[in-house]
Structure formats: C-alpha cells, structure tokens
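Colleague: Okay, here's the structure, questions in a sec.
In our numbering, the protein residues as written are 3 to 86.
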C-alpha cells in the first residue's frame, strides 16, 4: 500500500482511540505530498480516458449520421423508382 494510505490508517486509529494530541501533532506533509502526486496522476489518466471516449463518441456520431443520410437517399431512390 502507498505510504499515505498507511499514514491515514494510523491517524484514523488515533482518532478512534481519542488520541487527539497525537493526531493533531502528526507530521503529515510528506503523506499529503505523496497523496497529491498520486491524485494528480490519477486525474491525468482519467482526463486521457475521457478525451479518448469523447473522440470515439464523436466518430460514432459522424458514422451514424452518414449511415442515416445514406439510408434516406436509398429510400428516396427506391420510392422514386417504384413510382415511375
């Protein structure tokens, strides 16, 4: 487990056992920095996934529109040839 996770569990134990002075005086800056690095990396990964999903969604929409328009044209040709 990451260091920040273990530190957080340790602090939760202090709170559960009412050791408030230990909780409040614990050096947490290193754990906070480690958490921030992990969170920012996670956020970047999520942003990349969302960008890829958005691009794929846009391509799917364009393909759907092209298929729809093609079917309208085919239907119009079919109907007009049936009327002649």
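All C-beta atoms in this analysis are idealised placements derived from N, C-alpha and C, irrespective of residue type, glycine included. The structure displayed is predicted, hence computed values, not measured ones.
(1) What whole-angstrom Cβ distance do residue 33 and residue 5 have, given they're in contact under 8 Å?
(2) Who are the near neighbours of residue 70 in its chain, counting only those whose CB is closer than 7 Å to its CB and skipping five residues on each side?
(3) Can you tell me where the alpha helix (DSSP H) holding residue 3 begins and where it ends?
(4) Helix, strand or coil: which one does DSSP assign to residue 76?
Modeller: On the basis of the data shown:
(1) Sure, about 6 Å apart at Cβ, within 8 Å.
(2) So no residue of the chain qualifies.
(3) Premise fails: residue 3 is in no alpha helix (DSSP H) and is neither H nor E.
(4) Residue 76 falls in the helix class under three-state DSSP.
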